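Colleague: From first to last, the protein sequence lines stand for chains Z and Y. Residues 3 to 330 (the numbering used here) make up the first sequence, in order. Residues 233 to 695 (the numbering used here) make up the second sequence, in order.
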Amino acid sequence: MQLIGYACSYIPVEILSATGLRPYRLLHGEISLSKRGEKVVRIDACPMIKSNLAYVLENQDRFAALVGSTGCDMSRRMFDILSEHIKIPVYVVNNPRTDKPEIYSDEIDWLVKQLEYFSQKKFTNEIIRDEIGKWERIRAALRAMDQKRAACPSLTSTTEFHNAMACYHTGSCENEVTFSENASEKARVYILGSAITYEANHILQMIESNLRIVGDFNCGLSRPLHIQIEEENIEGIKKAYYNQPPCLYKRPHQKYYEFLQSEITRLDCTGVIAWTLDYCDVHEFELQRIEKVLNLPLLRIRSDFSYQSNSQLRTRIEAFAEMLCSRT
Amino acid sequence: MLKNIDPQKISLKEWSRQFRLLDDSEIRRFKYYNNDEWGIYLSPPATFMVYGARELRKLKLDNSLAALRLWGFALNESERLFRARQSGKHIIATMGDLGTVPVIAMAFPDCIPFYPDCTWWTPFFNESTVLLDKASELGTPEASCFVRSTLAAFHKMAYFPKPDILFASTGASCDDYSCIMQMVEDMGFELNWLEIPFRRKKQDHFTDEKYARTPQGLDYPERFETYLINEYKHVWQRMQDLTNDGDPEKLGESIKKNNRLRRLVDQIKALTHGAKIAPFPALEMMVIEFGNLYGYADIDEWIDILEMVKSKIIDRVKSGNGVLDSDAIPLAWITPTADPLLLNIVEDLGGRVVATEYVINQALSEIEEDIDPFRALARSFMNASLIGSTEERIRHISAGVDSGRIAGVIITNMLGCSHCAMETRAIEKRLKNVPILAIDIPAPLGITEQIRTRIAAFIEMLK
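#1: Can you find a CB in chain Z that lies within less than 8 Å of the CB of Y:Q414?
#2: Are the C-beta atoms of Y:E427 and some chain Z residue less than 8 Å apart?
#3: The alpha helix (DSSP H) with Y:G484 in it runs from where to where?
#4: Within 10 angstroms of the Cβ of Y:N593, are there 16 or more other Cβ atoms? Answer buried if so, exposed if not.
#5: Any idea what DSSP makes of Y:H322, helix, strand or coil?
#6: If we ignore side chains and look at the alpha-carbon of each, how far apart do Y:C406 and Z:P155 end up?
#7: Helix, strand or coil, according to DSSP, for Z:F65 in the structure here?
#8: Name the residue from Y:I323, Y:M654, Y:F438 and Y:P355 whose alpha carbon lies nearest to the alpha carbon of Y:F340.
#9: Residue range of the beta strand (DSSP E) that Z:R190 falls in?
#10: Between Y:D407 and chain Z, is there a C-beta pair that is closer than 8 Å?
#11: Taking only beta-carbon atoms, is Y:S410 less than 8 Å away from chain Z?
#12: Quick one, are the C-beta atoms of Y:R584 and Y:P605 less than 8 Å apart?
#13: Could you tell me which residues DSSP pairs with Y:N424 in its beta bridges?
#14: Is DSSP giving Y:K263 helix, strand or coil here?
#15: Which word fits Z:G135, buried or exposed, when buried means at least 16 other C-beta atoms lie within 10 angstroms of its C-beta?
#16: Between Z:R119 and chain Y, is the shortest Cβ-Cβ distance under 8 Å, so that the two count as touching?
#17: In the DSSP assignment, find the beta strand (DSSP E) that holds Y:E589 and state where it starts and stops.
#18: Out of curiosity, what's the CA-to-CA distance linking Y:A564 and Y:I642?
#19: Cα-Cα, which of Y:E246, Y:F438, Y:E601 and Y:L253 is closest to Y:K235?
#20: Can you list the residues of chain Z that Y:S376 reaches, using a CB-CB cut of under 9 Å?
#21: Opposite Z:Y93 in the DSSP bridges: which residues?
#22: What ranges does the beta strand (DSSP E) occupy inside the stretch 194 to 226 of chain Z, keeping only unbroken runs of at least 3 residues that lie completely in it?
#23: Comparing C-alpha positions only, which one of Y:M540, Y:K550, Y:H466 and Y:I566 sits nearest to Y:A514?
#24: Assign Z:S34 to buried or exposed, taking buried as 16 or more other Cβ atoms, counted over all protein chains shown, within 10 Å of its Cβ.
#25: Closest to Y:C411 by C-alpha separation, out of Y:K434, Y:D436 and Y:F378, would be which residue?
#26: Taking the alpha-carbon positions, what's the Y:L313 to Y:D342 distance?
#27: Ordered along the chain, which non-local residues of its own chain (more than five positions away) have a Cβ less than 6 Å from that of Z:E133?
#28: State yes or no: is the beta carbon of Y:R627 nearer than 8 Å to at least one beta carbon in chain Z?
#29: Please compile the residues from chain Y whose C-beta is within a distance smaller than 8 Å of the C-beta of Z:Q290.
#30: Report yes or no: is there a C-beta of chain Z within less than 8 Å of the C-beta of Y:F438?
#31: Is the shortest distance between the beta-carbon of Y:T402 and the beta-carbons of chain A less than 8 Å?
#32: Measuring straight from C-alpha to C-alpha, what distance separates Z:H30 and Z:H171?
#33: Who are the neighbours of Y:E417 on chain Z, taking C-beta pairs under 7 Å?
#34: What residues are listed by DSSP as bridge partners for Y:G640?
#35: Could you list the residues in the stretch 38 to 54 of chain Z with a C-beta less than 7 Å from some C-beta on chain Y, going in chain order?
#36: Consider the Cβ of Y:H651: report whether some Cβ of chain Z lies at a distance smaller than 8 Å.
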């Protein structure tokens with residue numbers, strides 16, 4: 003099945019899937035892909051954007067269409083570059099940064115119309131209901147896994163959870179969500195920041211060899227699970243996606259912080275890992291505030307996906323874990 | 233006085249010598265806010281060097297009285313804003329949209345709009361990292377646009393008075409400035425956020441989307457106008473709340489006044505860029521273009537200055553005189569340089585700027601006067617440089633290259649700036665028929681011999 007690529011948590015997967023294509027979230031991040039992306043953008047672009055550019059350009063025959071949004075600036079511009087290089091339809095949705103639900107609503111209506119025209123298919127109420135049902139079932143299964151992760155003691159790792167979420171994000175979730183229970187008494191931490199890419203699982207493994215990540219706010223992990231569609235129609239999709247815990251680029255950002263605080267309290271975390279990618283302004287500018295507002299020990303990990311600092315990183319994580327243990 | 237001198241670029245020392253030729257009456261003739269008591273701004277440029285703009289001693293400035301007024305006025309803005317506050321005017325901070333919200337603010341009595349964003353030049357004029365260091369201390373990353381100095385300026389509250397109201401535009405804009413505005417809000421300033429829509433380019437595969445076109449020829453989904461109109465009405469409302477005033481006719485007058493400025497700048501650019509010998513230097517021309525944002529906090533005086541600049545340029549063009557050699561290489565400049573010295577260097581090494589894309593297209597295009605003013609402002613903003621595709625942004629530069637008017641292109645980048653990172657390669661791809669030099673602007677005092685050598689080699693190659 004051909005893919006419909008997308009790049010934002012505010013793009014409803016149900017609508018993409020209604021085209022008959024497989025929704026595939028552009029969440030690649032790996033050093034060699036990133037280097038290859040530098041053929042079309044400067045070195046100081048976000049390494050995930052560079053990786054996604056390279057991935058799409060090298061696999062363009064797998065994609066039938068692309069859907070982007072005006073989330074972060076580099077992501078929006080990525081679609082401008084892609085539309086110059088490849089010959090498939092590219093749609094970019096205006097995702098307002100300020101609280102403007104009417105803009106989002108109009109834009110989702112626009113997207114539906116464009117994708118109906120593209121797929122030569124009317125997205126009837128029945129089709130939409132079926133898609134909502136299908137994706138809600140998958141999210142429900144993943145939520146069950148997330149609850150095990152959040153349990154006390156935590157019963158499954160984020161390393162494993164990330165693999166399950168990768169199936170969701172790549173649209174390859176025909177099989178049931180299965181996972182092993184692996185109880186952990188390690189210090190409980192929350193991870194936030196830039197996206198955890200498909201290829202970044204080894205970072206989670208490295209963290210979880212000393213700590214247990216029990217909650218997150220990163221693209222690539224549990225964000226879609228906060229979306230729960232109550233009305234089984236397009237309006238219901240709009241409401242659920244628009245009202246999800248807001249991305250950090252939304253202005254003003256109070257609701258983001260309120261969500262973080264309530265989650266960290268709920269999950270009884272004793273530390274925070276801030277994962278940022280090079281040149282990810284949206285997160286890098288906020289780190290100082292995040293540290294101040296959350297008022298918990300925070301380990302900053304900045305990455306360009308290269309491996310040369312892995313040993314150093316391992317030592318930093320071990321020291322952080324030791325510090326958290328000594329506090330309890 | 234200063235009437236019969238040959239045009240050239242001169243140093244501060246030479247300007248100080250030349251300044252002595254001016255009569256006191258001439259100096260007293262020019263004043264901001266039309267105030268005889270404290271509004272005089274004509275002084276030798278060296279005065280501003282003593283006040284802190286240390287880079288001036290390295291710069292060469294045009295030797296006309298018009299240029300003296302221009303520099304005196306532009307460099308005196310900080311004082312002017314504090315004077316405005318002292319004399320009971322409202323200080324309106326407009327951030328991020330670069331050119332439209334001030335038109336609304338100017339429709340209200342005694343309201344002085346300004347752009348804190350323009351603080352990005354201060355570290356370079358001052359040859360100081362004080363603001364950038366403070367911004368880092370406040371949490372901005374090192375590898376981000378120099379506009380982060382704005383955050384430090386808000387923290388120090390010494391570069392402009394505390395604004396009475398702040399408007400912050402975000403959306404299809406660069407991330408770093410959006411983050412900085414958020415940090416300003418976190419400091420305790422109350423921001424009024426405005427949404428900037430993305431100018432989605434028309435595609436063959438789209439259906440059923442009604443598009444409109446700006447007078448400058450850029451297409452946009454028509455309904456986006458409505459979003460902007462609502463935002464501008466919100467600005468109007470907030471301004472009414474602040475001033476207990478608000479006459480819709482005044483908005484029409486403000487549009488007309490801003491159009492007068494925009495037309496004037498357009499004429500100055502056409503005269504300067506089209507002349508056989510460059511009649512006015514690129515650095516002064518950059519100051520002129522950016523004056524379109526808000527008239528440097530006194531639009532009436534700024535228009536008067538530009539009328540004088542225009543006359544001077546006309547005289548020079550007529551007499552066949554200019555400030556550069558006749559064989560200077562015609563260049564386009566994409567993205568403004570944070571360090572003014574670079575413009576001087578390019579000219580000293582044999583280049584001449586004949587086209588620009590300084591990310592403020594929305595402030596350069598005329599606002600329609602025969603339609604609803606809010607709609608006119610929305611349509612004007614739809615010309616913005618950074619809200620659409622790279623192709624649209626550099627369309628006029630491409631045309632200049634195709635016509636043979638532009639022999640080379642200089643792109644100035646800031647490390648970590650989102651649009652620079654994403655657009656530079658795309659620009660190089662689109663302008664493949666012309667040599668391009670992309671320069672990363674270093675931190676203050678960072679222009680090295682290596683950069684000079686690169687520019688020299690580039691211009692030599694074009695010759």
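All C-beta atoms, glycine included, are put in the ideal place defined by N, C-alpha and C. Being a predicted model, the structure only gives us computed values, none of them experimental.
Modeller: Let's see:
#1: Yes, because at least one Cβ of chain Z sits closer than 8 Å to the Cβ of Y:Q414.
#2: Yes, its Cβ sits closer than 8 Å to a Cβ of chain Z.
#3: Counting along the chain, the alpha helix (DSSP H) containing Y:G484 begins and ends at P480 to G506.
#4: Taking every protein chain shown into account, the CB of Y:N593 has 16 or more other CB atoms within 10 angstroms, so this residue is buried.
#5: Residue state, collapsed to three classes: strand.
#6: Taking the straight line joining both Cα atoms gives about 43 Å.
#7: In the three-state reduction of the DSSP assignment, Z:F65 falls in the strand class.
#8: Answer by Cα proximity: Y:I323.
#9: First-last of the beta strand (DSSP E) with Z:R190: R190 to G195.
#10: At a cut-off of 8 Å between beta carbons, Y:D407 contacts chain Z.
#11: Residue contact check for Y:S410 against chain Z: a CB pair falls below 8 Å.
#12: Not closer than 8 Å, so no.
#13: By DSSP's assignment, Y:N424 forms a beta bridge with Y:F399.
#14: Strand at Y:K263.
#15: By the neighbour-count rule (16 or more Cβ atoms within 10 Å), Z:G135 is not buried but exposed.
#16: Note on residue identity: the sequence assigns Tyr, not Arg, to residue 119 of chain Z. Yes, because at least one Cβ of chain Y sits closer than 8 Å to the Cβ of Z:Y119.
#17: Boundaries of the beta strand (DSSP E) harbouring Y:E589: G583 to E589, taken from the DSSP string.
#18: Using only the alpha carbons, I get a separation of about 6 Å.
#19: When each option's Cα is compared against that of Y:K235, the closest is Y:L253.
#20: Correct list: Y281, D283, E286 and F287.
#21: Beta-bridge pairing links Z:Y93 to Z:V69.
#22: Within the stretch 194 to 226 of chain Z, the complete beta strand (DSSP E) runs of at least 3 residues fall at 214 to 219.
#23: Among Y:M540, Y:K550, Y:H466 and Y:I566, the Cα nearest to that of Y:A514 belongs to Y:I566.
#24: Flag for Z:S34 reads exposed.
#25: Among Y:K434, Y:D436 and Y:F378, the Cα nearest to that of Y:C411 is on Y:F378.
#26: Between Y:L313 and Y:D342, the C-alpha separation is close to 12 Å.
#27: The residues E16, S19 and A20, in chain order, have a CB closer than 6 Å to that of Z:E133 in the same chain once the five nearest residues on each side in sequence are set aside.
#28: Closer than 8 Å to the CB of Y:R627 there is not a single CB belonging to chain Z.
#29: Proximity of chain Y to Z:Q290 at the Cβ level (cut-off 8 Å) is accounted for by L370 and G371, in chain order.
#30: Taking Cβ atoms only, chain Z reaches closer than 8 Å to Y:F438, which makes this a yes.
#31: No chain A is part of this structure, whose protein chains are labelled Z and Y.
#32: Cα atoms of Z:H30 and Z:H171: separation of roughly 11 Å, rounded to the nearest angstrom.
#33: Residues of chain Z passing the Cβ test: P254.
#34: Within the DSSP secondary-structure output, Y:G640 pairs in a beta bridge with Y:L563.
#35: Taking 7 Å as the Cβ-Cβ cut-off against chain Y, the residues of the stretch 38 to 54 of chain Z that qualify are V42, V43, R44, D46 and A47.
#36: True, the Cβ-Cβ gap to chain Z drops below 8 Å.
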